[in-house]
Each structure stands twice: as C-alpha cells, then as structure tokens.
Amino acid sequence: MQVNENKDFEPVIVAFCCNWCSYAGADLSGTNRLNYPANVKIIRVPCSCRVNPMFILRAFQKGADGVIMCGCHPGDCHYTSGNYYARRRMTLLFSMLDYLGIERDRTRVEWVSAAEGAKFAATMNEFVESVKKLGKNRRLEDLRCRKQ
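Below, the structure is given as structure tokens:
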C-alpha cells in the first residue's frame, strides 16, 4: 500500500542556495535547459552560513518533505569561511533531527559552484527521488499550516 501511495506523491523540497555559487549553478542549469523537478522551491541566501537551523525546522513545520542546503565548496566561500560555519551547524542539526526522529535522508548539504549547473540539476533530481521513497513528512508537520 505504501508503494502505490509513493508513486503519486510529489514531495515539496525547499532548497537554500548561496547567492554566489549555488544559486548561480541553478541559474546555469536553467540556461543549459537541464531539468530538475518544479517542486523544488529555491530560497536565495547571501551565504550558506546565513541558514539558521531554525529555518530548516520551520520549513519542515510548514509542510516541506525535504530540505537541502547548497553552498560554495569549502575554501571557495565568497565570505572566506562562511561554509565552514554552515557545515558545523548542519552537523549539529543532523544530530538534533535524529533525536526528533526525522529521517536523515530528508535533509542534505551539497557544495555546488557556479560552474556546476549539471551537478545542481542532478543533485536536485536525486534528492527528490530519495525523498519520494521516504513518503510524506508527518513528523514535524503543523496541521494548522496545511491548506484546507
């Protein structure tokens, strides 16, 4: 029964993308006409270190089935060391999500440069497929946020 349910299920994915690299990579994938699912909602942030773990928990609460954070490759950050801070925060967030009982595969961190449009599209396609296999996120969903 779960398998049939997941076939029709289209997950809502929130992608936090760094302005200088990952967002430009998403733009390049669009320019090159590389496809990734339309249910990936991109939120542009100045730097990956700007993504507060509460943003990710809030996205889950508002109905996201998966959240991915994309930033510059370590060592290539426009703000020198921002992605190192983001990597540390995300490590702590992953342990908190484990504590809350949220599947580890619902959250992901990827480093995508501005020249990697193909990698961005492939990453989004792969992430959507992995979240689709998990099914709907019911653990942190706030029923008040659901459309009636």
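My numbering puts the first residue of the sequence shown at 3, with every later residue one more than the last.
We treat Cβ as the ideally placed atom computed from N, Cα and C, and that holds for glycine.
Since the structure is predicted, the reported quantities are computational estimates derived from the model, not experimental observations.
Buried or exposed by the 16-neighbour rule on C-beta atoms within 10 Å, applied to residue i
i, result
"Arg35", "exposed"
"Met71", "buried"
"Arg110", "buried"
"Met98", "exposed"
Boundaries of the alpha helix (DSSP H) in which residue i is found, first to last residue
i, result
"Thr82", "That residue, Thr82, is in no alpha helix (DSSP H); it is neither H nor E in DSSP."
"Ala123", "119-136"
"Ile58", "55-63"
"Ala28", "24-33"
Boundaries of the beta strand (DSSP E) in which residue i is found, first to last residue
i, result
"Ile44", "42-47"
"Gly68", "68-73"
"Glu112", "109-113"
Top-ranked residue by Cα proximity to residue i, from the options
i, options, result
"Val69", "Glu105, Glu112, Ala17, Ser115", "Ala17"
"Ile44", "Asn37, Ser50, Thr33, Ala28", "Ala28"
Inter-residue spacing [alpha-carbon to alpha-carbon] between residue i and residue j
i, j, result
"Pro39", "Pro13", "10 Å"
Counting Cβ pairs, one atom from each stretch, are 3 or more of them under 8 Å apart for the region 46-56 and the region 120-138?
no
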